[in-house]
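There are 2 protein chains.
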Amino acid sequence: MVQTGNAASPKERAEALQKLAQRHGAGYRSVGAMAYDIIRDAILDGTLPPGMKLRQETLAESIGISRLPIRSALIQLEADGLVIFHARRGAMVRALSVEEATEVYHLRTLLEKDALRLAMAEITPERITRLRELAKTADDISEGGEFVEARTEFYATLYDAQARPVMWEMIEQLRLKLGRYVLGWRLVSPAEHDHSHGELIDAVAGGDTDEALQVLESHLDHVRDGVIALLDAAATEAAGDGS
Amino acid sequence: MVQTGNAASPKERAEALQKLAQRHGAGYRSVGAMAYDIIRDAILDGTLPPGMKLRQETLAESIGISRLPIRSALIQLEADGLVIFHARRGAMVRALSVEEATEVYHLRTLLEKDALRLAMAEITPERITRLRELAKTADDISEGGEFVEARTEFYATLYDAQARPVMWEMIEQLRLKLGRYVLGWRLVSPAEHDHSHGELIDAVAGGDTDEALQVLESHLDHVRDGVIALLDAAATEAAGDGS
DNA sequence: GAGACAGTTTTTGGATCCAGAATGCAGAGT
DNA sequence: ACTCTGCATTCTGGATCCAAAAACTGTCTC
Chain W
16 MVQTGNAASP
26 KERAEALQKL
36 AQRHGAGYRS
46 VGAMAYDIIR
56 DAILDGTLPP
66 GMKLRQETLA
76 ESIGISRLPI
86 RSALIQLEAD
96 GLVIFHARRG
106 AMVRALSVEE
116 ATEVYHLRTL
126 LEKDALRLAM
136 AEITPERITR
146 LRELAKTADD
156 ISEGGEFVEA
166 RTEFYATLYD
176 AQARPVMWEM
186 IEQLRLKLGR
196 YVLGWRLVSP
206 AEHDHSHGEL
216 IDAVAGGDTD
226 EALQVLESHL
236 DHVRDGVIAL
246 LDAAATEAAG
256 DGS
Chain D
16 MVQTGNAASP
26 KERAEALQKL
36 AQRHGAGYRS
46 VGAMAYDIIR
56 DAILDGTLPP
66 GMKLRQETLA
76 ESIGISRLPI
86 RSALIQLEAD
96 GLVIFHARRG
106 AMVRALSVEE
116 ATEVYHLRTL
126 LEKDALRLAM
136 AEITPERITR
146 LRELAKTADD
156 ISEGGEFVEA
166 RTEFYATLYD
176 AQARPVMWEM
186 IEQLRLKLGR
196 YVLGWRLVSP
206 AEHDHSHGEL
216 IDAVAGGDTD
226 EALQVLESHL
236 DHVRDGVIAL
246 LDAAATEAAG
256 DGS
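Protein chains in written order, with the numbering used here: chain W, 16 to 258; chain D, 16 to 258.
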């Protein structure tokens, strides 16, 4: 079992956290909300790897606040499934098992196909135009944080998040659980997924619902296979490390 | 808009909260976890009605702890969608709109039909026996807290929560959002839903997947209609109140 | 030499204290 | 008489402080 997750040195990690903290500079409603965003981003971009133990004191110092808003943030992250609390023993970054990842993709397929079906029933030409722009942005950008944002906006528009807030919230939750692994996969094999959003929006614009659903499903299957391969490799590696 | 939700007197509410606090006596890992359970139960059984403003001080005094674990609990409840924070203006019990309730039932139908389909593919005679017992318990009990527990255990077994934790978590989340309204509906029309769990388990035992799915769906539709009627009535009443 | 027990140190979780922001009331001006 | 503005009160959100529990280390014994 990987317990410490010491992929990088503690010093490097502290610096990366501080850099994230500076990016999330001012303009926040509350310090706790800022801490939540910083720690979430750190988990998603791999600064805090799965299995990493999260010491409240260290996080607080890195961000430059007290431990209290850190605790608020960690509680929220636990609800998101990114962090797990071991009673009286603090929090650690939650690692996803292969089984859980498979389940998440099963659910995403179920929900997102339904969302797409509903959205396509009332799609407008304006939205398609907007979607093409967003798809281009999402397919062009490779860098971590930016990519996640662009992709989120694309899907929010595609599924009409405004009209179906509860459904969108569920989809976002599922996507959040996987984000860090998808980014890791993109680093490993960057060539494989260049124009996936473009293809999807082409199918949507074509008006053929069944075809669009098929494109979406195979896209999800493709990413799922990549992520699971990554998880398998990590598990094998960890096992190979011995005790 | 119902803002204060003063259905009962403040004194009565404080007493009800204290009673809940006593029920959740000892044996808790942390005070925050206890506070979470108490407040959640209070929301679910109507002691804290939708729209009610949640003053941290008052809650802390009623339960007999400090404000800090209350805040932890409220953050968790926000993640559950039972509470909403208005920045710098504290938390209030979140009310569900008719649109959101409709969406929740749409999603539950989608997820639970899928869960039942998967579970029926690998059902065992032992589980059916166990389910019959649980169904009987759930159909017999009427009282609030007990009923929720019994019903939860029934569905956890039916959908094989152990084998599919992520899916079960999502279903639980959705069910949680509606719990208080379902209980309210049961109070209004107690005759309508006596043997629903029994009927469902009969269909499952019969082995006909399509029929079981149909029973599940019409059960969900039935409850949905009841809850939406209740919400509509509440909205009309609130509008009739004048300003 | 290895294992177990005890003491120390580290770290979480809770309570009290403090500051900043919002709301409500009152007074004055139009 | 009504409205707008300013002040006071109240409540949230954050920081510091404290206690209890767990982990680690060192020593003693078998």
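From the three backbone atoms N, C-alpha and C, an ideal C-beta is built for every residue, glycine too.
This one's a predicted model, so the numbers in the text were calculated from it and none came from an experiment.
- A contact is defined here as three or more CB-CB pairs under 8 angstroms, and the stretch 213-222 of chain W fails this definition with respect to the stretch 184-191 of chain W.
- Judged by DSSP in its simplified three-state form, W/LEU63 adopts coil rather than helix or strand.
- Exposed is the label assigned to W/GLU148, since fewer than 16 other Cβ atoms lie within 10 Å of its Cβ.
- Beta-bridge analysis with DSSP links W/LYS68 to W/MET107.
- Using a CB distance cut-off of 8 angstroms, W/ILE54 does not count as an interface residue toward chain D.
- Taking 8 angstroms as the cut-off, the Cβ atoms of D/LEU246 and W/MET182 do not count as close.
- D/GLN177 has a beta carbon lying at 8 angstroms or more from every beta carbon in chain W.
- Listed by position along chain D, the residues whose Cβ is nearer than 7 angstroms to that of W/GLN91 are ILE90 and ALA94.
- Only residues of its own chain outside the window of five on either side were considered, and among them LEU131, MET135, ILE138, ILE143, LEU146, LEU173 and ALA227 have a CB closer than 8 angstroms to the CB of W/VAL219, listed in chain order.
- Judged by DSSP in its simplified three-state form, W/ILE138 adopts coil rather than helix or strand.
- By the neighbour-count definition (other C-beta atoms within 10 Å, threshold 16), W/ARG109 is a buried residue.
- In the three-state reduction of the DSSP assignment, W/ILE99 falls in the strand class.
- Going by beta carbons, D/THR117 and D/ILE243 fall inside the 8 angstroms limit.
- Counting only unbroken stretches of 3 or more residues, no beta strand (DSSP E) element lies wholly within the stretch 182-235 of chain W.
- D/ASP129 belongs to the set of residues whose beta carbon lies under 8 angstroms from a beta carbon in chain W.
- Within its own chain, the residues whose Cβ lies closer than 6 angstroms to the Cβ of W/GLN71, once the five positions on either side in sequence are excluded, are ARG82 and ILE85, listed in chain order.
- Taking a beta-carbon distance threshold of 8 angstroms, D/GLU72 does not count as an interface residue toward chain W.
- In the three-state scheme derived from DSSP, where H, G and I count as helix and E and B as strand, W/HIS121 is classed as helix.
- About 17 angstroms separates the beta carbon of D/TYR43 from that of D/LEU92, a gap too long to meet the 8 angstroms contact definition.
- Ranked by how close their Cα comes to the Cα of W/ILE80, the residues W/THR167, W/MET49, W/VAL203 and W/ILE156 have W/MET49 in first place.
- Chain order gives the chain W residues near D/SER87 as ARG86, SER87 and ILE90, where near means a beta carbon separation below 8 angstroms.
- The Cβ atoms of D/ARG166 and D/ALA178 do not sit closer than 8 angstroms to each other.
- In the structure shown, the three-state DSSP call for W/GLY79 is coil.
- Rounded to the nearest angstrom, the gap between the Cα atoms of W/LEU202 and W/GLY241 is 11 angstroms.
- Straight-line spacing of the CA atoms in D/PRO180 and W/GLU115 works out to 8 angstroms.
- In the structure shown, the three-state DSSP call for D/HIS39 is coil.
- Under the three-state reduction of DSSP output, D/ILE54 falls in the helix class.
- In terms of Cβ geometry, W/SER87 and D/ILE99 do not form a close pair [threshold 8 angstroms].
- Contact annotation: D/THR124 and D/GLU232 have beta-carbon atoms nearer than 8 angstroms.
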